[in-house]
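Okay, so here's the structure we're looking at.
Protein chains in written order, with the working numbering: chain A, 1 to 333; chain B, 1001 to 1333.
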């Protein structure tokens, strides 16, 4: 059995390029007692992976040059000598960026036997959806009737945050980077959608969209989005800081907003979070989200690239705003 | 009766100058039934007043050009037709920047009859001391054994925050702007004191002083202090944002730190606060602080200018680091 896999070939400087990645092949041995062979069906690309490509201390260790990349994946067991993972089981793992792998079951989870496309466990029912829900519930404690602002609102996390915000009874203002994305969010019932690339001054656009001020900002972008949000927050507003994608490819550090003194004047609370620390709440989340999906209250949009060799392009596309909803790579039918 | 008073003559651009202030005189009428006449003994100058000199919406209304400035003051009733404020009463008010005023008692508080110099009610027992205690207790929830970093640590708020930090059982690291201030804080038992003007790279100096990382940062300065703190915070660290004095005189907005993504990586909590919103806790604070002062556990340093005409210079001195502890103007014996 040969597995195809994508290694980190070199560390990106600034925006990653295809040359930072290398597709290789490797022989897999036969499985032994207690092992099973997984064929990956889907893999996830996510903005946070950019951080792991840098050689620095962070909340997860950096990728190493010459090693196979990692990331969320959904696969199917195709050979097994492990009683808990029979052939045909669908499993989720962090062993994406490869076509096959052998496991003894550590850090592999069997998907529940539900009537939902397994790819959603990489998106709306997985880490991105759980991130949106955690930020709104456990970090910002969004309340009914409040005004929520979400940046990168057409992305895997943002699009779910917008929709959960509506389900929680908030007025939701979204920022996106294309008219097509804006139109789609409006069709989902999002109250105000700003195309930050064409709106002129974002600060003014946000003030117009939220004349009453913002109670909660779900921060995915940083830079000018953070600056505009600070200027438009209400007193005692809360900012859940999930990501700052505008800065991930900086080669020269970009200065932060010049209006941080708003934190004092408005008595703001700003809190960063990493979803993995909140994983104890995952069963509660899946139960809720399962109901929302079943009742059609949440739309789970996906942008799909096909074939492992397309994984680098899918990843690069995240930084060019090419995805609507969850960016996925389909590895096999 | 003539009162001397200082008006805002023009709005400062950048660092205020003496020309922004004007000393004038005004006749006061005779007091009527229900009124009393106060002779101010002490007045406070505080960095937050710089914000009120700008014409912008904030948590308190801006000063108006041609009107008498306001600020904390301690005075003595010298004539009275009000039963609750007999002659000889010591009172605290927001009617500083003037030698005398007539009141009907609104927003005037009589000082308790305790054996403490009344000037301390503008400092360690007043708004600055209460600010330090509120930030550490109610905002950052500093715990015994944690590492606390305080900037502007020789100032009215900072010097109290350092000392309360020690009393709460924290390891305390302080940043100041002169060797003389550093020496004084060391004599008070502060664990590590950095002179940010001579230490070279503040980030490195802080890393050396807090190799274990910082649990709580009491933020008075902004700019490079915030950047260095972000780089040296522990995971789940808390930042109580009290002030950003480095920015108060900016004519061109100064960019914020480029390392705000540390908020995510370290899952930091940052919270701005205004002490007046926490005033319900003032009795608890005065009881605690009264004990600390009586037992010699807190030293209440003061820098004193003499005479109302020196009030602008005292205020300007705040931005030149001329004060050790509370900056006060003594108006009368």
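No residue lacks a Cβ here, since even glycine has one placed at the ideal position from N, Cα and C.
Just so we're clear, the structure is a prediction, and the values are computed from it rather than from any experiment.
Measuring C-alpha to C-alpha distances from residue 319/A to each of 45/A, 40/A, 1/A and 33/A identifies 45/A as the nearest.
Residue 244/A reaches chain B at 1260, 1261 and 1264, counting residues in chain order whose Cβ is nearer than 8 Å. Residues of chain B with a Cβ closer than 7 Å to the Cβ of residue 270/A are, in chain order, 1263 and 1270. The residue among 119/A, 239/A and 253/A with its C-alpha nearest the C-alpha of residue 302/A is 119/A.
Between residue 147/A and the set 239/A, 82/A and 222/A, the nearest pair of CA atoms involves 239/A. In the three-state reduction of the DSSP assignment, residue 1043/B falls in the strand class, which pools E and B. Annotation for residue 1319/B: no beta strand (DSSP E) segment contains it, and DSSP assigns it neither H nor E. For residue 1251/B, no CB of chain A lies under 8 Å from its own CB, so it is not counted at the interface with that chain.
Counting only unbroken stretches of 3 or more residues, no beta strand (DSSP E) element lies wholly within the stretch 1108 to 1149 of chain B. Using a Cβ-Cβ distance cut-off of 8 Å, the stretch 223 to 240 of chain A and the stretch 262 to 277 of chain A are in contact, since at least three pairs of beta carbons, one from each stretch, lie closer than that value.
With a beta-carbon spacing of about 10 Å, residue 255/A and residue 227/A fall beyond the 8 Å limit used to define contacts. Near chain A, meaning a CB-to-CB distance below 8 Å, the residues of the stretch 1210 to 1225 of chain B are 1222.
Residue 167/A: not part of any beta strand (DSSP E); member of the alpha helix (DSSP H) spanning 156 to 167, first to last residue. Taking a C-beta distance under 8 Å as the contact criterion, residue 102/A and residue 37/A qualify as a contact pair.
Counting along the chain, no beta strand (DSSP E) covers residue 248/A, and no H or E run does either.
Here residue 1219/B is bridged, per DSSP, to 1241/B.
For residue 70/A, the closest Cβ of chain B is not nearer than 8 Å.
Within its own chain, the residues whose Cβ lies closer than 8 Å to the Cβ of residue 332/A, once the five positions on either side in sequence are excluded, are 39, 40, 41 and 99, listed in chain order. The alpha carbon of residue 1012/B has as its nearest neighbour, out of 1030/B, 1168/B, 1052/B and 1035/B, the alpha carbon of 1052/B.
Residue 222/A is a Cβ neighbour of residue 246/A, given a cutoff of 8 Å. With a cutoff of 8 Å on beta-carbon distance, residue 111/A and residue 70/A are scored as not near each other. Taking a beta-carbon distance threshold of 8 Å, residue 1256/B counts as an interface residue toward chain A. In the DSSP assignment, residue 24/A is bridged to 5/A. In chain order, 52 place their CB closer than 7 Å to the CB of residue 60/A, counting only its own chain and leaving out the 5 sequence neighbours on each side. Taking a contact to require three or more Cβ pairs closer than 8 Å, the stretch 189 to 209 of chain A and the stretch 167 to 174 of chain A qualify as touching. DSSP lists 176/A as the bridge partner or partners of residue 195/A.
Between the alpha carbons of residue 25/A and residue 310/A lies a distance of about 15 Å.
Listed along chain A, the residues sitting closer than 8 Å to residue 1277/B by beta-carbon distance are 267.
Between residue 155/A and residue 323/A, the gap from beta carbon to beta carbon is short of 8 Å. Residue-level contact check: residue 1058/B touches chain A, since one or more beta carbons of chain A fall below 8 Å from its beta carbon. Here residue 1328/B has 1042, 1043, 1044, 1045, 1119, 1122, 1123, 1302, 1303, 1304, 1305 and 1314 as same chain residues with Cβ atoms under 8 Å from its own Cβ, once five neighbours each way along the sequence are excluded. When C-alpha distances from residue 232/A are compared across 300/A, 80/A, 16/A and 207/A, the shortest belongs to 207/A. Judged by DSSP in its simplified three-state form, residue 56/A adopts coil rather than helix or strand.
Residue 1161/B is positioned such that its CB atom lies closer than 8 Å to that of residue 1132/B. Between residue 1090/B and residue 1075/B, the alpha-carbon positions lie close to 6 Å from each other. Inter-residue distance for residue 27/A and residue 68/A is about 14 Å (C-alpha atoms, whole angstroms).
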